[in-house]
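Visitor: Once you've had a glance at the structure underneath, I'll fire off some questions.
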Amino acid sequence: MQVADRIIRFIAGTAALGLLLFGVQFAWVYWGSGLDSETVFEHVETGRTVTDTHTVKDKVATLRTLDPPVDPEPADTAVIGRLRIPRLGLAWSPVIQEGVGKNVLRNLGAGHYPGTAMPGGVGNSAYAGHATYTDFAPLKNVRTGDGVYIQTPSTWYAYRVASTEIVPMDRTDVIQPHDTSSRDLTLTTCWPVMSPTPATHRLIIHAVWVGWAPVSDGTPAELAGTHETTADRTVRTVKTVARRLSMPVTQTMAAALALMWAVLDGLAWLIWHRRMRDVWRRPVADPLTCLFRLQAGPTAVRAVLFALMWAAVTFACFKWVCPALADAIPMFADPHPAV
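The numbers in the sequence shown follow this note's numbering, run straight up by one, and end at 1594.
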């Protein structure tokens, strides 16, 4: 009976550990994969000057309504600029690259549909992005009248949201110009956002041109006046630390949490090692219990330490394990392959 009980405990503990790790992988696909977005953006922006203006206090640029300068369509994967929507906060500023293939959209930013108008150009300037929260999923919060801005190395292009709609996946006409003389913008992503099943519809945001301003003039008033929330400041601080350490955010968080856990658990061992002797002497049959027994102290303290340890493990998996599994297992490769 004792042997059977140990076998059952081992199977149950292993299954629970497997579910936890599956949850980590699932979280990476829909959230964690975007934590290193700034690192990815820095790589794709190499050689281009696209200032991350929300980190400095610029003067306010006045929008001009004369015909704007328009860049020629670049080569596939070339960086065009950054996309900004004040309603989505200062931290949301995906890089725009030319093309909508997986080699572009997997960089966690926006892709410019080839053949559509360039920013500020006559026609419809259309863009796509994955429907995850580090990509285009926040677009579900955009409302009619919201400002949309594209920043290239030299120019701000300002648009205003005119309408939003949800259409079947096969509606390709949404990226075509509605008026050949107007300067429009369209953003597209899968719908529903964050769906675990293949998407069947698209969220479409249509915007009309408002004006433009040279980057050298400063920042458009709507962006300059955007309030920096506590979440924005926290994200900016973590990204700044990661940049100074020359490490991705996931690696920085994994190292910081692991160090914190090691120090606190070491102190707990020193304080409660006598109290824990009886606990450590008890036989253990499953890996999850073994991991829990690495923690010392009263049950509440051990629970906190266990959570801290798992947080460190989670970020470490985000950095090193999850991407490898995504390459090896097709179901984890791409949350929205139909974008």
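The C-beta atom is built at its ideal place from N, Cα and C for all residues, glycine as well.
On the criterion of 16 or more Cβ atoms from any shown chain inside 10 Å, does G1362 qualify as buried, or is it exposed?
Guide: A small correction: the amino acid at residue 1362 is Asn; Gly does not occupy that position in the sequence shown. With 16 or more Cβ atoms within 10 Å of its Cβ, N1362 is classed as buried.
Visitor: Please report the straight-line C-alpha distance between P1578 and L1275, rounded to a whole angstrom.
Guide: Whole-angstrom Cα-Cα distance: 17 angstroms.
Visitor: Taking the CB atoms as reference points, tell me whether T1332 and V1359 lie closer together than 8 angstroms.
Guide: Yes, the pair counts as a contact, with Cβ atoms nearer than the cut-off.
Visitor: Using a Cβ-Cβ cut-off of 6 angstroms (strictly less than) and excluding sequence neighbours within five positions of G1384, which residues of its own chain qualify?
Guide: Correct list, in chain order: A1365, D1390, F1391, T1444.
Visitor: Who pairs with P1469 in a beta bridge, going by DSSP?
Guide: In DSSP, P1469 forms a bridge with T1410.
Visitor: With a cut-off of 8 angstroms on the beta carbons, I'd call D1497 and W1524 a contact; round off their distance for me.
Guide: It is Ala, not Asp, that sits at residue 1497 in the sequence shown. A1497 to W1524, Cβ: 30 angstroms. No contact.
Visitor: Please report how far the alpha carbon of H1309 lies from the alpha carbon of S1380, in whole angstroms.
Guide: Summary for H1309: the model assigns pLDDT 43, below 50, so the residue's position carries little reliability; its value from the coordinates is reported in the next sentence. Distance between the alpha carbons of H1309 and S1380 is about 24 angstroms.
Visitor: Report all residues from its chain with a CB closer than 6 angstroms to the CB of L1290; omit the five preceding and five following residues, and keep chain order.
Guide: Excluding positions up to five away in sequence, the list reads V1504, T1505.
Visitor: Cα separation between I1266 and V1258?
Guide: For I1266 and V1258, the distance between alpha carbons rounds to 12 angstroms.
Visitor: Classify H1367 as helix, strand or coil using the three-state DSSP reduction.
Guide: H1367 falls in the strand class under three-state DSSP.
Visitor: Looking only at DSSP bridge pairs, what is N1358 linked to?
Guide: None, per the DSSP bridge assignment.
Visitor: In chain order, what residues of the same chain lie with their CB nearer than 7 angstroms to the CB of L1478, ignoring the 5 residues before and after it?
Guide: The residues are R1339, P1341, Y1404.
Visitor: Compute the Euclidean distance between the alpha carbons of H1528 and L1560, then round it to the nearest angstrom.
Guide: So the alpha carbons of these two residues sit roughly 15 angstroms apart.
Visitor: Alpha carbons only, please: which of L1549, G1287, A1468 is nearest the one belonging to G1375?
Guide: Comparing Cα positions, the closest option is A1468.
Visitor: Give me, in chain order, the residues of the same chain whose beta-carbon lies closer than 6 angstroms to that of M1670; leave out the 5 immediate sequence neighbours on both sides.
Guide: Given that the chain is displayed from residue 1256 to residue 1594, the structure contains no residue 1670 and the question cannot be resolved.
Visitor: Where do the N-terminal and C-terminal ends of the beta strand (DSSP E) with C1445 fall, by residue?
Guide: Its beta strand (DSSP E) spans residues 1438–1446.
Visitor: Whole angstroms is fine: what's the gap from P1324's alpha carbon to W1283's?
Guide: When rounded, the distance between both Cα atoms is 40 angstroms.
Visitor: Which same chain residues end up closer than 8 angstroms to G1222 when comparing Cβ atoms and leaving out the 5 residues on each side of it in sequence?
Guide: The requested residue 1222 is not part of the displayed model; the chain covers only 1256 to 1594.
Visitor: Kindly indicate which three-state DSSP category T1306 falls into: helix, strand or coil?
Guide: Below a pLDDT of 50, predicted positions are generally treated as unreliable, and T1306, at 48, falls in that range; the measurement from the model is reported next regardless. Reduced to three states, the DSSP call for T1306 is coil.
Visitor: Determine the DSSP secondary structure at L1458, reduced to helix, strand or coil.
Guide: DSSP places L1458 in strand when its eight states are reduced to three.
Visitor: Inspect the CB distances between the segment 1486–1495 and the segment 1528–1541 and report whether three or more fall short of 8 angstroms.
Guide: Contact between the segment 1486–1495 and the segment 1528–1541 is absent, because fewer than three Cβ pairs lie under 8 angstroms.
Visitor: What's the C-alpha gap between P1327 and Y1285?
Guide: Computed Cα separation, rounded: 34 angstroms.
Visitor: Considering only C-alpha positions, which residue in the set K1494, V1539, P1432, E1420 is nearest to I1459?
Guide: Nearest C-alpha to I1459: E1420.
Visitor: Can you give me the Cβ contacts of R1261 inside the same chain, cut-off strictly under 7 angstroms, excluding the 5 residues immediately before and after it?
Guide: Cβ neighbours of R1261 beyond the five flanking positions: A1540.
Visitor: Taking 6 angstroms as the limit between beta carbons, can you name the residues of its chain near G1320, skipping five residues before and five after?
Guide: For the record, residue 1320 in the displayed sequence is Thr; it is not Gly. Taken in chain order, the residues that qualify are G1466.
Visitor: Does the distance from the CB of P1432 to the CB of G1378 come in under 8 angstroms?
Guide: Result yes, Cβ atoms of P1432 and G1378 sit closer than 8 angstroms.
Visitor: When the distance is taken between beta carbons, is P1408 closer than 8 angstroms to H1456?
Guide: Not closer than 8 angstroms, so no.
Visitor: What would DSSP say about D1464, mapped onto helix, strand or coil?
Guide: Sequence check: residue 1464 is Trp here, not Asp. Residue state, collapsed to three classes: strand.
Visitor: Indicate whether A1372 and E1353 have their beta-carbon atoms separated by less than 8 angstroms.
Guide: Not a contact, by the Cβ cut-off of 8 angstroms.
Visitor: Tell me which same chain residues have a C-beta within less than 6 angstroms of the C-beta of V1667, skipping the five on either side of it?
Guide: As displayed, the chain neither begins before 1256 nor continues past 1594, which places residue 1667 out of reach and without an answer.
Visitor: Hey, out of T1399, D1439, A1511, D1425, whose CA is closest to V1416's CA?
Guide: That would be T1399, whose Cα lies nearest to the Cα of V1416.
Visitor: Where does E1297 sit, in a helix, a strand or coil, going by DSSP?
Guide: Helix.
Visitor: By Cβ distance below 7 angstroms, which residues in the same chain neighbour P1475 in space, the five residues on each side in sequence not counted?
Guide: Only A1316, L1318, Y1404, W1411, A1413, A1468 meet the Cβ criterion.
Visitor: Would you call F1277 buried or exposed, if buried means 16 or more other Cβ atoms sit within 10 Å of its Cβ?
Guide: Exposed: under 16 other Cβ atoms inside 10 Å.
Visitor: Within 10 angstroms of the Cβ of R1499, are there 16 or more other Cβ atoms? Answer buried if so, exposed if not.
Guide: Exposed, because fewer than 16 other Cβ atoms sit within 10 Å of the Cβ of R1499.
Visitor: When you compare only the Cα positions, how much space is there between W1442 and L1519?
Guide: Inspection of the sequence shows that residue 1442 is occupied by Leu rather than by Trp. Cα-Cα distance, rounded: 47 angstroms.
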